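Data block below; observations after.
Numbering (the numbering used here), first residue to last: 267 to 401.
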């Protein structure tokens, strides 16, 4: 696991729990790098159209919506797990979503923003099957 998974993000989650209210039901999803190079560079190749060997994006291209597709798959899986556990997840279209990146994770946040900006409607991020499943 990446060093940020337990440290900074765990502290953020604990703080949210202590504050209570709307944060009590919050969830933090950590997107791990696809690869961490021998020199310590995080590479999020699964979230970007293309990047250098050290993980720098070669631009924020939206071809195939890689970050949004990964994010939609993660949320679909989380919602399905909640249902399997007998917990009713909030309606997807009203559940708040905060995308935050630390260090190289900002590359992923920028990719998500670029993909969202390319869509006329948020529904373009999800195929019909995923949209029905999350509704």
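Even glycine gets a Cβ: it sits at the ideal position worked out from N, Cα and C.
It should be emphasised that the depicted structure is a prediction, and the values quoted were computed from it without experimental measurement.
inquiry  = Once DSSP output is grouped into helix, strand and coil, what is the label at residue 317?
reply    = strand
task = Could you give the DSSP three-state label for residue 322: helix, strand or coil?
result = coil
key: N- and C-terminal bounds of the alpha helix (DSSP H) containing residue 294   = Neither: residue 294 is in no alpha helix (DSSP H) and is coded neither H nor E.
Exposure of residue 368, with buried meaning 16 or more beta-carbon neighbours within 10 Å = exposed
key: Assigned exposure category for residue 352 - 16 Cβ within 10 Å defines buried   = exposed
ask   = How would you write the range of the alpha helix (DSSP H) that residue 353 sits in, first residue to last?
value = Element bounds for residue 353: n/a, residue is neither H nor E.
inquiry  = Using 8 Å as the cut-off, can you tell me whether the stretch 341-348 makes contact with the stretch 312-328, which would need three or more C-beta pairs spanning the two stretches below that distance?
reply    = no
request  = Measuring alpha carbon to alpha carbon, tell me which of 329, 278, 284 ends up nearest residue 383.
outcome  = 329
inquiry  = Can you check which of these residues, 380, 381, 375, is closest to residue 298 by C-alpha distance?
reply    = 375
message = With distance defined between alpha-carbon atoms, name the residue in 308, 377, 293, 279 nearest to residue 336.
response = 377
ask   = Considering only the beta carbon of each residue, do residue 334 and residue 381 sit closer than 7 Å?
value = yes
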